[in-house]
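S.K.:
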Amino acid sequence: MRKICIGMLGVLTTACLAQDVDLDSLRLPDGFSISVYAVVSAPRQMALGADNVVFVGSNRGGRVTAVIDQDGDGTADQVITIAEDLNAPNGVAYHQGNLYIGEIDRISKISNVDSRLTGPQATETVNDSLPDRRHHGLKFLQIGPDNKLYLPVGAPCNVCEEEEIFAGLHRMNLDGSGMEKIANGIRNSVGFDWHPRSSELWFTDNGRDMLGDDIPAGEINRITSVDQHFGFPYIHQGDLPDPDFGTGKSAADYTPPVYKLGAHVAPLGMMFYRGDSFPSEYSNTILVAEHGSWNRRQKSGYRVMMGRLSADNSSITEYTPFVEGWLEGQVNWGRPVDVLNMPDGSVLISDDLAGVIYRVSYGE
16 MRKICIGMLG VLTTACLAQD VDLDSLRLPD GFSISVYAVV SAPRQMALGA
66 DNVVFVGSNR GGRVTAVIDQ DGDGTADQVI TIAEDLNAPN GVAYHQGNLY
116 IGEIDRISKI SNVDSRLTGP QATETVNDSL PDRRHHGLKF LQIGPDNKLY
166 LPVGAPCNVC EEEEIFAGLH RMNLDGSGME KIANGIRNSV GFDWHPRSSE
216 LWFTDNGRDM LGDDIPAGEI NRITSVDQHF GFPYIHQGDL PDPDFGTGKS
266 AADYTPPVYK LGAHVAPLGM MFYRGDSFPS EYSNTILVAE HGSWNRRQKS
316 GYRVMMGRLS ADNSSITEYT PFVEGWLEGQ VNWGRPVDVL NMPDGSVLIS
366 DDLAGVIYRV SYGE
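Now the structure itself:
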């Protein structure tokens, strides 16, 4: 493996990866290449701001960073800490000059962030009514087509019945008002996106643990109406009753997943590819970051997958590896977390284990 260091302007003179990165071991389809875009401590969700600035959340260290590629050469020149001492700020969303930050128990904001990329900034509270439970408490943020802020509130357990606010997806106005739950029965979603054509919300969900190596499946789901229930904690993967909570429940009463993934692969960030630099067959495909298993005897996940959709955009007809190689045998050196479209058609991938953001391009 190669120890990679990148010279940084501004805050850091030189930044080295937290762990050895073996780019040569990463496998992609023919014509694609992967490189190190930036070195960032435990990067999680990414959000694209103005002028190609990428904002990055983290679930460790309490920091939010801004990653800047000033000369547009596909490698970051600056990595600047713009917020610190926050409560696991995993989620970030950029909208009209403001950066929204998803912490465990609140949504905060840095207003006019484009002019404040000089160091740590004070944050203001948008909504502090969220539970402070840390189990599945990480937030993933997106601004929807309705200009509302969307976020999950995961189940605070492996499997349980809890207060209404838990185990679902929510949305609120950008000022924090009008919070409402729009989908139920979701154990822990840490990634979602709207289909570019249908505008339907698709999301990943992590299945419960402690039922063995091969069940239940991780899920990709699709919301077609408000208040759908996706089964948790009663029915898993659309057809598997929970041994403790599934008695008397019928799978027919809940919305099944669009696609069943491998058990324990931990699907996190997902997006629809919207660029035009990949071959045309990649248009509107789904890219999913499988973070990787922690309690499976034979490890699984640790890769970015690609899903092709049916002609009516209602199902996944093919689900194949897009980037793999972070797991070699039973040893993994990286864990992909999130995927992000860039304006030049490339895709960024965050890796919170290696402490790096990769850039995937085609034909370079």
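Take any residue in the sequence shown, count from 1 to its spot, add 15: that is its number in our numbering.
Every residue gets a Cβ at the ideal spot worked out from N, C-alpha and C, and that includes glycine.
Everything numeric in this text was worked out from a predicted model, so none of it was measured.
1) Exposed or buried, which one is I250 when buried takes at least 16 other CB atoms within 10 Å?
2) Under the three-state reduction of DSSP, which class applies to A304: helix, strand or coil?
3) Return the chain-ordered list of same chain residues with a C-beta closer than 7 Å to the C-beta of D84, the five sequence neighbours on each side being excluded.
4) Since I believe V55 is in contact with T80 (beta carbons under 8 Å), could you give me their beta-carbon distance rounded to a whole number of angstroms?
5) Any idea what DSSP makes of Y373, helix, strand or coil?
6) Is it the case that the Cβ atoms of G206 and L283 are separated by a distance below 8 Å?
7) Can you tell me whether V161 is helix, strand or coil according to DSSP?
8) Taking buried to mean at least 16 other C-beta atoms within 10 Å of its own C-beta, is V362 buried or exposed?
9) Which ranges does the alpha helix (DSSP H) cover as unbroken runs of at least 4 residues, wholly within the region 194-219, from first to last along the chain?
10) Count the other C-beta atoms from every protein chain shown that fall within 10 angstroms of the C-beta of D220, then say buried if there are 16 or more, exposed otherwise.
11) When burial is assigned at 16 or more other CB atoms within 10 Å of the CB, is Q345 buried or exposed?
12) Name the DSSP beta bridge partners of K124, please?
13) At the level of alpha carbons, what is the spacing between R121 and I331?
14) Leaving out the 5 sequence neighbours to the left and right, which residues in its chain are closer than 7 Å to T239 when beta-carbon positions are compared?
15) Rounding to the nearest angstrom, what Cα-Cα distance links K314 and A281 in this structure?
16) If distances are taken between C-alpha atoms only, which option among A198, G322, L63 comes closest to M285?
17) Please state whether DSSP places E234 in a helix, a strand or coil.
18) Given a threshold of 16 other Cβ atoms within 10 Å of its Cβ, counted over all protein chains shown, does E305 qualify as buried or as exposed?
19) Strictly by DSSP, which residues pair up with H110?
20) Between which two residues does the beta strand (DSSP E) carrying H185 extend?
21) So, helix, strand or coil for Y334, using DSSP?
22) State the start and end residues of the unbroken beta strand (DSSP E) segment that holds F287.
23) With distances taken from CA atoms, which of Y165, E177, G200 is nearest R186?
24) If I follow the unbroken beta strand (DSSP E) through R323, where does it start and stop?
25) Given 8 Å as the limit, is there contact between the region 61-78 and the region 34-48, that is, 3 or more CB pairs closer than that?
26) Looking at the strands, I want to know which residues DSSP matches up with P58.
27) Leaving out the 5 sequence neighbours to the left and right, which residues in its chain are closer than 6 Å to M16 when beta-carbon positions are compared?
28) For G277, I'd like the list of residues in its chain whose CB is within less than 6 Å of its CB, leaving aside the five on either flank, ordered along the chain.
29) Whole-angstrom Cβ separation of G200 and G246, contact assumed at under 8 Å?
30) Between the region 173-192 and the region 220-230, are three or more C-beta pairs nearer than 8 Å?
31) Which residues does DSSP list as the beta-bridge partners of A53?
32) Once DSSP output is grouped into helix, strand and coil, what is the label at N347?
33) Mind checking who D92 pairs with in its DSSP beta bridge?
34) For a test of the three-state rule: what should DSSP assign to N356, helix, strand or coil?
M.R.: Let me spell this out:
1) Stepping through the sequence shown from its first residue, residue 250 is reached at position 235. I250 should be labelled buried.
2) One-based indexing of the sequence shown puts residue 304 at position 289. Note: A304 maps to strand in three-state DSSP.
3) Here residue 84 is taken as the residue at index 69 of the sequence shown, counted from 1. Answer for D84: N67, T90, A91, D92, listed in chain order.
4) As a position in the sequence shown, residue 80 is number 65, starting the count at 1. As a position in the sequence shown, residue 55 is number 40, starting the count at 1. For a cut-off of 8 Å, the C-beta gap from T80 to V55 is around 6 Å, short enough to register as a contact.
5) The count along the sequence shown starts at 1 and reaches residue 373 at position 358. Three-state DSSP puts Y373 in a strand.
6) Counted from its first residue, the sequence shown places residue 206 at position 191. Counted from its first residue, the sequence shown places residue 283 at position 268. Result yes, Cβ atoms of G206 and L283 sit closer than 8 Å.
7) Residue 161 sits at position 146 when you count from the first residue of the sequence shown. Position check: residue 161 holds Asp in this sequence, whereas Val was assumed. Three-state DSSP puts D161 in coil, outside helix and strand.
8) To locate residue 362, count along the sequence shown from 1; it is residue 347. The residue in question, V362, is buried, as its Cβ has 16 or more Cβ neighbours within 10 Å.
9) Segments of the alpha helix (DSSP H) lying fully in the region 194-219: there are none.
10) Walking along the sequence shown from the start, residue 220 turns up at place 205. Classification of D220: buried, given that the 10 Å Cβ count is 16 or more.
11) For the purposes of this step, residue 345 is taken as residue 330 along the sequence shown, with counting starting at 1. It counts as exposed.
12) Within the sequence shown, residue 124 is the residue found at index 109, counting from 1. DSSP, once it has assigned bridges, lists Y115, E139 as partnering K124.
13) In the sequence shown, residue 121 corresponds to position 106, counting from 1. In the sequence shown, residue 331 corresponds to position 316, counting from 1. Cα-Cα distance, rounded: 34 Å.
14) Mapped onto the sequence shown, residue 239 falls at position 224. Closer than 7 Å at Cβ, skipping near neighbours: E215.
15) Start at 1 with the first residue of the sequence shown, and residue 314 comes out as number 299. Start at 1 with the first residue of the sequence shown, and residue 281 comes out as number 266. Going by the C-alpha atoms only, they are around 11 Å apart.
16) Position 270 of the sequence shown, counting from 1, holds the residue named residue 285. If we check each option's Cα against that of M285, G322 comes out closest.
17) As a first step, residue 234 is located in the sequence shown; it is residue number 219 there, counting from the start. E234 falls in the strand class under three-state DSSP.
18) Residue numbering aside, residue 305 sits at position 290 when the sequence shown is read from its first letter. E305 comes out buried.
19) Along the sequence shown, read from residue 1 onward, the residue named residue 110 stands at position 95. H110 is bridged by DSSP to N113.
20) What you label residue 185 is simply residue 170 of the sequence shown in a count that begins at 1. Boundaries of the beta strand (DSSP E) around H185: 183-187.
21) As a position in the sequence shown, residue 334 is number 319, starting the count at 1. Reduced to three states, the DSSP call for Y334 is strand.
22) Sequence index remark: in the sequence shown, residue 287 carries index 272 (1-based). Start and end: 282-287.
23) Stepping through the sequence shown from its first residue, residue 186 is reached at position 171. For the set Y165, E177, G200, the Cα lying nearest the Cα of R186 is the one of Y165.
24) Taking the first residue of the sequence shown as 1, we reach residue 323 at position 308. For R323, the enclosing beta strand (DSSP E) begins and ends at 318-324.
25) Output reads no: the region 34-48 does not touch the region 61-78.
26) Within the sequence shown, numbered from 1, the residue matching residue 58 stands at position 43. Paired residues: S73.
27) As a first step, residue 16 is located in the sequence shown; it is residue number 1 there, counting from the start. In this predicted model, M16 has a pLDDT of only 47, less than 50, meaning its place in the structure is not dependable enough to derive any value.
28) Looking up residue 277 in the sequence shown gives position 262. Same-chain partners within the cutoff: S315.
29) Along the sequence shown, one-based indexing puts residue 200 at 185. Along the sequence shown, one-based indexing puts residue 246 at 231. Cβ atoms of G200 and G246 come within 8 Å of each other, at about 5 Å.
30) Contact between the region 173-192 and the region 220-230 is present, because at least three Cβ pairs lie under 8 Å.
31) Looking up residue 53 in the sequence shown gives position 38. When DSSP reads this structure, A53 sits in a beta bridge with I372.
32) As a first step, residue 347 must be located in the sequence shown, where it is residue number 332. DSSP, reduced to helix, strand and coil, places N347 within a strand of the structure shown.
33) Start at 1 with the first residue of the sequence shown, and residue 92 comes out as number 77. As computed with DSSP, D92 is found in no beta bridge at all.
34) Residue numbering aside, residue 356 sits at position 341 when the sequence shown is read from its first letter. Strand.
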